[in-house]
Amino acid sequence: MPELPEVETTRQGIAPFVTGKQVTGVIVRRHQLRWPIPADLELRLSGQTIESVRRRGKYLLLGTRAGTLLLHLGMSGSLRILTRTQPPEPHDHLDLIFGDGSRLRLRDPRRFGAVVWAGTEPESHKLLRDLGPEPLGGDFGGEYLYHRSRSRRIAVKQFIMNSAIVVGVGNIYACESLHLAAIHPARPAGNISLERYRKLARAIRQTLQQAIACGGTTLRDFRDSGGHPGYFQQQLNVYGRHGTPCPICRTPIRRIRQGQRSTFYCGRCQR
DNA sequence: CCGGACGCCTGTCGGC
DNA sequence: TGCCGACAGGCGTCCG
């Protein structure tokens, strides 16, 4: 589930139910996610009020006076708000219990997600410190990508998926953005002109924004017990469409491997 | 510094 | 029907 749009949708979805709530209890059913959930989590959070729900890249930040809790959803994580008792299912690893009896519940079958205590200056935490700019923020753009890519021989797709360059561009949106910008995914990042990086930056912003705008459906999902696949499937032009005609030129979409990930692209449109 | 590979996990799907 | 391998939306870490 979690690409940037889905994390942002999750943030927007839980914020009204979590902001201003006092944490009165923590239940950890499975300590070992990507890293162990801190053993003293309940000690740190109990009695604290959630003052803010922010996002940095694909990390969610629950801010309290005592410090900030980082949540990462990995490949398969999701959060839901419970307003009445619901028995936990096998992959429901963590509940934060609030003073009004509601709960925030983390589910993550593959356990690539993470729950980390970041202290009172989360931006200087190791996991956040070296992250690149937000793609929807003012520090990101064609000039920035051009500047950072000089003398880099790495493929442009892997370049834009590097969170030290720009956060939040996962496999799906990397493929989609490169198609929209008509850039071949294997092209060395350092060989791309400023003009084309301007186009790519616009494409990245556009695909992410459009997906966030569609996120309303997911917002309903994670509060129901449902949890079905996703809103974005309909509007993908290349991702997962190996063998089907390119929507621009009708040439069959190709699939290659880049750094152990699948890449989908049009060999005619993207050069 | 850079780039490539690895490993952490479970669930699903297609082919035989 | 059942089994098996391939593959899946991420990313920190290690190694050359």
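The numbers in our numbering rise by one with no breaks, and the one at position 110 of the first sequence is 106.
Note that CB positions come from ideal geometry on N, CA and C, so glycine has one too.
Of all C-beta pairs linking the stretch 107 to 124 to the stretch 159 to 170, fewer than three are shorter than 8 Å, placing the two stretches out of contact. In the structure shown, Gly95 adopts coil according to DSSP, grouped into three states.
The continuous alpha helix (DSSP H) containing Ile200 extends over residues 190 to 209.
In this structure Thr240 is exposed. Its beta-carbon is surrounded by fewer than 16 other beta-carbon atoms within 10 angstroms. Rounded to whole angstroms, the gap between the alpha carbons of Ala207 and Pro1 is 6 Å. Annotation for Val49: Arg7, Ile10, Ala11, Val14, Thr15, Leu56, Leu57, Leu58, Gly59 place their beta carbon closer than 8 Å to its own, counting only its chain and skipping 5 residues before and after.
With a beta-carbon spacing of about 23 Å, Gly63 and Arg26 fall beyond the 8 Å limit used to define contacts.
Taking a cut-off of 8 Å on C-beta distances, the stretch 186 to 200 touches the stretch 130 to 141, as three or more cross pairs fall below it.
Listed in chain order, the alpha helix (DSSP H) elements of length 4 or more contained wholly in the stretch 0 to 73 are 0 to 14, 37 to 41. Counting other Cβ atoms within 10 Å of its Cβ, Glu172 reaches 16 or more and is therefore classed as buried. For the pair of segments examined, the stretch 69 to 79 was found not to touch the stretch 174 to 188: the number of CB pairs separated by less than 8 Å stays below three.
At a Cβ-Cβ threshold of 9 Å, Leu100 and Ala114 do not count as neighbours.
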